[in-house]
Amino acid sequence: MNRRSLLRRAAALALLPAMPRTVRAALSENAPARRVRPSDAGWPGEASWAQLNKAVRGRLIKVNSPMSACREATDGAACGDLFKELKNPYYIGDNVALTQTAGWVDAWESQPSVYAVAAETTGDVVAAVNFARDNNLRLVVKGGGHSYLGRSNAPDSLLIWTRRMNAISLHDDFTPLGCAARQPPQPAVTVGPGAIWMHTYNAVTTKGGRYVQGGGCGTVGVAGLVQAGGFGSFSKNFGTAAAGLLEAEIVTADGEVRVANACTNPDLYWGLKGGGGGSLGVVTRLTLKTHALPSFFGAVSATIHAFSDTAFRRLIGQFIDFYADNLFNPHWGEIVNLRLDNRLEIRMVFQGLDQQQAQTVWQPFFHWVNGSPQDFTYQLTPRTIAAPARNLWDPIFLKQHFPGGVLSDDRPGAPSDNIFRSGNLAEVGHFLSGFQSLWLPASLLQSDRRSGLVDALFAAGRHWPVELHLQKGLAGGSEGAVSATTDTAMNPDVAGAFALAIIAGEDPPAFPGLPGHQPDLEIDRRHARAIGEAMSELKGVAPGAGSYFAESDFFERNWQTSYWGQNYPRLLSIKKKYDPAGLFFVHHGVGSEEWSADGFTRLAG
Ligand SMILES: Cc1cc2nc3c(=O)[nH]c(=O)nc-3n(C[C@H](O)[C@H](O)[C@H](O)COP(=O)(O)OP(=O)(O)OC[C@H]3O[C@@H](n4cnc5c(N)ncnc54)[C@H](O)[C@@H]3O)c2cc1C
Numbered sequence: 090m091n092r093r094s095l096l097r098r099a100a101a102l103a104l105l106p107a108m109p110r111t112v113r114a115a116l117s118e119n120a121p122a123r124r125v126r127p128s129d130a131g132w133p134g135e136a137s138w139a140q141l142n143k144a145v146r147g148r149l150i151k152v153n154s155p156m157s158a159c160r161e162a163t164d165g166a167a168c169g170d171l172f173k174e175l176k177n178p179y180y181i182g183d184n185v186a187l188t189q190t191a192g193w194v195d196a197w198e199s200q201p202s203v204y205a206v207a208a209e210t211t212g213d214v215v216a217a218v219n220f221a222r223d224n225n226l227r228l229v230v231k232g233g234g235h236s237y238l239g240r241s242n243a244p245d246s247l248l249i250w251t252r253r254m255n256a257i258s259l260h261d262d263f264t265p266l267g268c269a270a271r272q273p274p275q276p277a278v279t280v281g282p283g284a285i286w287m288h289t290y291n292a293v294t295t296k297g298g299r300y301v302q303g304g305g306c307g308t309v310g311v312a313g314l315v316q317a318g319g320f321g322s323f324s325k326n327f328g329t330a331a332a333g334l335l336e337a338e339i340v341t342a343d344g345e346v347r348v349a350n351a352c353t354n355p356d357l358y359w360g361l362k363g364g365g366g367g368s369l370g371v372v373t374r375l376t377l378k379t380h381a382l383p384s385f386f387g388a389v390s391a392t393i394h395a396f397s398d399t400a401f402r403r404l405i406g407q408f409i410d411f412y413a414d415n416l417f418n419p420h421w422g423e424i425v426n427l428r429l430d431n432r433l434e435i436r437m438v439f440q441g442l443d444q445q446q447a448q449t450v451w452q453p454f455f456h457w458v459n460g461s462p463q464d465f466t467y468q469l470t471p472r473t474i475a476a477p478a479r480n481l482w483d484p485i486f487l488k489q490h491f492p493g494g495v496l497s498d499d500r501p502g503a504p505s506d507n508i509f510r511s512g513n514l515a516e517v518g519h520f521l522s523g524f525q526s527l528w529l530p531a532s533l534l535q536s537d538r539r540s541g542l543v544d545a546l547f548a549a550g551r552h553w554p555v556e557l558h559l560q561k562g563l564a565g566g567s568e569g570a571v572s573a574t575t576d577t578a579m580n581p582d583v584a585g586a587f588a589l590a591i592i593a594g595e596d597p598p599a600f601p602g603l604p605g606h607q608p609d610l611e612i613d614r615r616h617a618r619a620i621g622e623a624m625s626e627l628k629g630v631a632p633g634a635g636s637y638f639a640e641s642d643f644f645e646r647n648w649q650t651s652y653w654g655q656n657y658p659r660l661l662s663i664k665k666k667y668d669p670a671g672l673f674f675v676h677h678g679v680g681s682e683e684w685s686a687d688g689f690t691r692l693a694g
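Quick note: the sequence shown uses this note's numbering, first residue 90, plus one each step.
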């Protein structure tokens with residue numbers, strides 16, 4: 090054993106007195122150097138799998154990928170049908186073998202596990218965790234399946250699939266376990282780890298008349314988003330999804346079922362709030378705070394085309410001035426895109442204002458644009474709409490009033506509330522050429538730094554489109570949102586950022602090696618380079634800024650600091666306490682530096 094492993098072992102042993110007895114027992118002095126694959130002699134035999142199947146009451150699945158239809162007959166009808174379904178996020182989500190992202194050039198390809206436990210109870214999860222640990226298997230956890238970075242799939246693994254654990258129940262007066270003396274009861278929602286946001290919003294807002302802070306994309310899983318941190322349109326007012334977590338139930342590597350909240354296992358609770366899914370255990374239940382619903386939610390959209398580069402630079406400058414002076418507050422969120430052909434796309438949303446108030450806010454900006462017809466034209470004329478907040482995720486209302494804005498799960502017999510935003514269609518089943526993000530500090534909005542920011546945005550937009558996600562950064566947000574988010578494991582940069590800049594490229598569903606459906610890897614690599622060049626321009630004005638665990642570069646350097654900043658050492662010590670042998674591994678997750686990239690081999694220290 091060399092010096093580094095000795096130190097690591099000593100650090101883990103130093104934690105022993107603080108550890109629960111069962112966790113101590115799980116800390117193996119001889120943590121396995123390599124997990125087993127089906128080709129290894131140590132892979133469990135049929136009888137062992139049958140035992141697991143019995144323990145999970147028949148919920149063990151031998152996984153077959155639907156892609157085999159295409160391998161057998163590339164041009165066959167079954168393959169054609171499959172590729173149509175790969176644009177339906179509910180089809181993908183309901184398939185044990187698939188993930189929402191098909192892959193990423195030179196990074197990862199979606200590959201099914203060998204076996205999966207389609208868990209329906211916490212007991213099923215316990216059985217699967219114990220089986221994986223005792224048989225030295227690579228374990229994967231999948232909920233909504235929306236990891237861009239491929240964290241919920243791995244070949245040669247056992248998958249715990251939580252899709253069926255999707256119950257949702259509302260509470261008027263929820264008190265976390267052991268917190269009766271410290272916290273007054275409050276309204277909340279409890280969801281299973283397989284629940285997705287669209288169904289959760291429908292239950293909480295449409296049916297319950299309350300608000301819960303979740304994500305923007307309705308088919309993302311609740312458990313994955315909360316553990317990532319999680320931003321939605323109105324995060325500037327309500328904080329991150331992680332900030333709203335009141336309590337979780339989690340199965341840790343020793344097979345124990347633990348409750349984590351501010352009063353019981355508070356370290357685990359803090360780690361689950363933005364520490365990244367798939368690293369600390371399997372979450373089997375989450376309870377999130379709900380808020381009073383604002384009267385209206387609304388949106389402002391416009392697309393402005395500038396006739397020259399000079400005019401586009403001026404337009405970006407005007408928008409940043411306008412944003413800093415008028416929109417940098419808890420009312421506003423969502424996205425502004427800078428497109429390659431000198432187009433500025435405004436797709437913003439608001440809460441806490443009515444339609445007239447929102448129009449009044451934007452009037453000076455559009456007045457400025459209208460004043461230079463020689464420089465600008467609208468490709469989408471400005472539009473402000475507002476609707477009663479209760480209708481924002483109401484499937485019946487949306488299908489009736491915004492038929493172009495939502496799409497439905499079109500499988501025969503699909504539930505009528507299986508809807509998704511048409512704006513998310515391009516991402517369904519996509520293959521990524523690149524994806525990078527950067528938190529832009531609010532100091533860039535100070536008047537003496539704005540022109541540097543505008544130059545960098547303009548320069549970045551020469552290489553590749555830049556998206557400014559203005560809700561993914563808490564600066565300018567409400568005091569409650571900022572303070573609750575600060576008490577999570579996310580990079581503290583989040584509190585001081587006004588936006589998350591995302592620069593990404595995607596193709597329709599494609600699979601390397603699948604004849605007739607392969608991505609063009611050379612083009613993707615070219616796009617990846619352009620994405621990197623664009624991001625370098627932004628890094629020039631925000632050196633050292635972090636990026637978002639869930640929406641970031643697969644090849645992120647210094648990911649520990651980038652995702653978690655000064656919080657990383659604390660997170661790592663929590664990981665060591667509850668999963669000392671490293672059963673839970675995800676790409677660039679807490680503690681993953683001790684493993685090979687595929688999560689199979691523990692690296693020599
Ligand atoms: C189309 C799309 C839109 C997105 N929009 C947003 C957005 O608006 N805001 C935002 O903040 N993010 C967004 N994201 C990122 C998203 O929040 C994260 O990828 C999130 O982790 C996905 O969760 P999931 O359950 O759907 O995914 P999965 O791929 O199932 O899981 C993601 C990670 O969490 C782990 N995990 C899942 N369930 C559990 C569990 N029960 N216990 C322990 N670990 C678990 C998995 O192992 C994996 O590591 C988006 C992603 C996509 C693909």
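All residues carry an ideal CB built from backbone N, CA and C; glycine is no exception. These numbers were taken from a predicted model, which means no experiment stands behind them.
| Item | Value |
| --- | --- |
| Measure the beta-carbon distance from residue 562 to residue 587 and round it to whole angstroms, keeping in mind my assumption that it falls under 8 Å. | 5 Å |
| With residue 579 as the anchor, note down where its alpha helix (DSSP H) starts and where it stops. | Counting along the chain, residue 579 falls outside any alpha helix (DSSP H), and DSSP gives it neither H nor E. |
| Would you check if the distance between the CB atom of residue 318 and the CB atom of residue 638 is smaller than 9 Å? | yes |
| Reducing DSSP to helix, strand and coil, say where residue 133 ends up. | coil |
| Compute the minimum distance between the beta carbon of residue 556 and the heavy atoms of ligand 2, and state whether it is under 8 Å. | With respect to small molecules bound, the structure shown includes ligand 1 and not ligand 2. |
| Out of curiosity, what's the CA-to-CA distance linking residue 224 and residue 604? | 36 Å |
| Look at the alpha carbon of residue 115 and the alpha carbon of residue 602, and state the distance between them as a whole number of angstroms. | Residue placement at residue 115 is poorly supported in this model, since its pLDDT is 43, which falls under 50; the coordinates are not used for a value here. |
| Ordered along the chain, which non-local residues of its own chain (more than five positions away) have a Cβ less than 6 Å from that of residue 481? | 386 |
| Flag residue 235 as yes when its Cβ comes closer than 8 Å to any non-hydrogen atom of ligand 1, and as no otherwise. | yes |
| Taking only the alpha-carbon atoms, compute the straight-line gap between residue 240 and residue 523 and give it to the nearest angstrom. | 16 Å |
| Take every Cβ of the region 395 to 415, pair it with every Cβ of the region 364 to 372, and state whether three or more of those distances are shorter than 8 Å. | no |
| Pop quiz: residue 494 and residue 511 are said to be a contact at Cβ under 8 Å. What is the actual Cβ separation, rounded to whole angstroms? | 6 Å |
| Exposed or buried, which one is residue 188 when buried takes at least 16 other CB atoms within 10 Å? | buried |
| State the beta-bridge partners of residue 596 as determined by DSSP. | 520 |
| Can you round the beta-carbon distance between residue 518 and residue 181 to whole angstroms, since I take them to be within the 8 Å contact cut? | 6 Å |
| Assign residue 467 to one of two classes, buried (16 or more other C-beta atoms within 10 Å of its C-beta) or exposed (fewer than that). | exposed |
| Cα separation between residue 686 and residue 676? | 7 Å |
| What are the residues that DSSP puts in a beta bridge with residue 279? | 258, 376 |
| Contact between the region 129 to 139 and the region 255 to 263: three or more CB pairs below 8 Å? | no |
| Residue 328 to residue 312, Cα distance in whole Å? | 16 Å |
| What's the C-alpha gap between residue 681 and residue 688? | 8 Å |
| What does a CB cutoff of less than 6 Å around residue 132 pick up in its chain, not counting 5 residues either side in sequence? | 125 |
| Tell me whether residue 314, by its Cβ, gets closer than 8 Å to a heavy atom of ligand 1. | yes |
| If the criterion is Cβ atoms closer than 9 Å, does the pair residue 679 and residue 360 meet it? | yes |
| Could you compute how far the alpha carbon of residue 441 sits from the alpha carbon of residue 375? | 27 Å |
| Kindly indicate which three-state DSSP category residue 608 falls into: helix, strand or coil? | coil |
| Considering just the uninterrupted stretch of the beta strand (DSSP E) at residue 218, what are its terminal residues? | From DSSP, residue 218 is part of no beta strand (DSSP E) but of the alpha helix (DSSP H) over 211 to 223. |
| Can you give me the C-alpha to C-alpha distance between residue 107 and residue 401, rounded to a whole angstrom? | Because residue 107 sits at a pLDDT of 44, beneath the cut-off of 50, its placement in the model cannot be relied upon, and the point is left open. |
| What span of residues does the alpha helix (DSSP H) with residue 314 cover, start to end? | 311 to 317 |
| If residue 560 and residue 246 are in contact, beta carbons under 8 Å, what's the gap, nearest whole angstrom? | Between residue 246 and residue 560 the Cβ distance is about 34 Å, and since that is not below 8 Å, they are no contact. |
| Could you tell me whether the region 524 to 540 touches the region 208 to 226, where touching means 3 or more Cβ pairs closer than 8 Å? | no |
| Please give the ranges of any beta strand (DSSP E) in the region 421 to 501, keeping only runs that are unbroken, at least 3 residues long and fully inside the region. | 421 to 428, 432 to 440, 465 to 477, 495 to 497 |
| Count the other C-beta atoms from every protein chain shown that fall within 10 angstroms of the C-beta of residue 606, then say buried if there are 16 or more, exposed otherwise. | buried |
| Could you give the DSSP three-state label for residue 251: helix, strand or coil? | coil |
| To the nearest angstrom, report how far apart residue 691 and residue 155 are at their CA atoms. | 32 Å |
| Kindly indicate the opening and closing residues of the beta strand (DSSP E) around residue 350. | 346 to 350 |
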